[in-house]
Amino acid sequence: MTLPQIRVGTSGWDYWHWKGLFYPHDLPRSEWLRHYQAKFNTVELNASFYRSVRTSTFARWREASPEGFLWAVKAHRAITHLTRLREKDPLEKFLESVEGLGAGLGVILFQLPPSLKFESKPAQRFLGWLPEGKRYAVEPRHKSWLEEEPLELLAKHGVALCIADSGGRFPSGEHVTADFVYLRFHGGERLYASRYAEEQMRVWAEKLAAWEQPAFVYFNNDFHGYAVENAVELKQAVAELGSKAAARPRVKAKRAGK
């Protein structure tokens, strides 16, 4: 059995505190992205959540990227936090801007606020607004999104439930609702500031192999460069599985509606 493609990267790359840890001291900031892309084949962009990114900027990043490099882009907070999935205009503006990435667009991530409970009608309407032909993932921060109805709704629209490891701080379930997996690591002991053990990476590699779906995996524990270290370790763990994946213990994926 051949493993599905599992892309591993970090949540962002433009961190000054990575200088001397991941980026050489003498490497100019303008070369950081190129250095990052020599190590990883994907990145998750978080800046797009806080500010609008121009189509031309997305296009420039795409043109500077090696062939096959994919970007996951977090949707602007106007969609998720300000209008709370209820207005189409900010969604359309955001979708227009990410067109600049072209084939370099991997996944669009909608990170929801903790106060946003699942409501059937608004959720159905919002998911119906999403154009076909793109990958989408939803990371809820309210436990109501992990119940049967929302999971079935996500599966109906082919939208991935983001599997988030946060040491139990955010609600999360290992449910596969799309034809790909979206996985985020926020730090186990301390949010954004704790390192995962190598053994934990091996366990997650086993899970990713058992789900038998292409995967996008991002480390958000950027403090002290832990994200880079853990991303490298997970890549190595996945590579070590290789053709042995079929013979390893399997973790049964919990599919919504099954």
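Residue numbers (this note's numbering): 1236 to 1493. Glycine included, every Cβ here is placed at the ideal spot set by N, Cα and C. Bear in mind that the values here come from a model prediction, so they are computed numbers and not experimental data.
Nearest Cα to HIS1270 within the set VAL1463, LEU1365, GLU1334: VAL1463. The criterion of a C-beta distance shorter than 8 Å is satisfied by VAL1473 and ALA1440.
Between PRO1385 and ALA1358, the C-beta spacing is below 8 Å.
Excluding its 5 nearest sequence neighbours in each direction, ARG1430 has C-beta neighbours in its own chain below 6 Å: TYR1461, listed in chain order.
Per DSSP, GLN1346 is one residue of the beta strand (DSSP E) stretching across 1340 to 1346. Just so you know, the alpha carbons of LYS1254 and PHE1454 end up roughly 18 Å apart. Counting along the chain, LYS1442 sits inside the alpha helix (DSSP H) bounded by residues 1433 to 1446.
By the neighbour-count definition (other C-beta atoms within 10 Å, threshold 16), ARG1242 is a buried residue. Pairing GLY1337 with TRP1306 gives a Cβ-Cβ distance that is not under 8 Å. Annotation for LYS1309: the continuous beta strand (DSSP E) segment containing it runs 1305 to 1309. With three or more CB-CB distances shorter than 8 Å, the segment 1302 to 1318 counts as touching the segment 1273 to 1284.
ASN1456 has its alpha-carbon roughly 12 Å from the corresponding atom of TRP1248.
The segment 1312 to 1400 is shown to contain whole alpha helix (DSSP H) runs of 4 or more residues at 1323 to 1333, 1355 to 1364, 1383 to 1392, in chain order. When the alpha-carbon of VAL1467 is set against those of LEU1238, GLY1244, SER1355, the nearest one is in GLY1244. Of the candidates ARG1437, GLU1302, TRP1446, the residue whose Cα lies closest to the Cα of LEU1476 is ARG1437. Membership of VAL1463 in the alpha helix (DSSP H) is indicated by the continuous run 1461 to 1476. Partner residues in the beta bridge of THR1277, as assigned by DSSP, are LEU1305.
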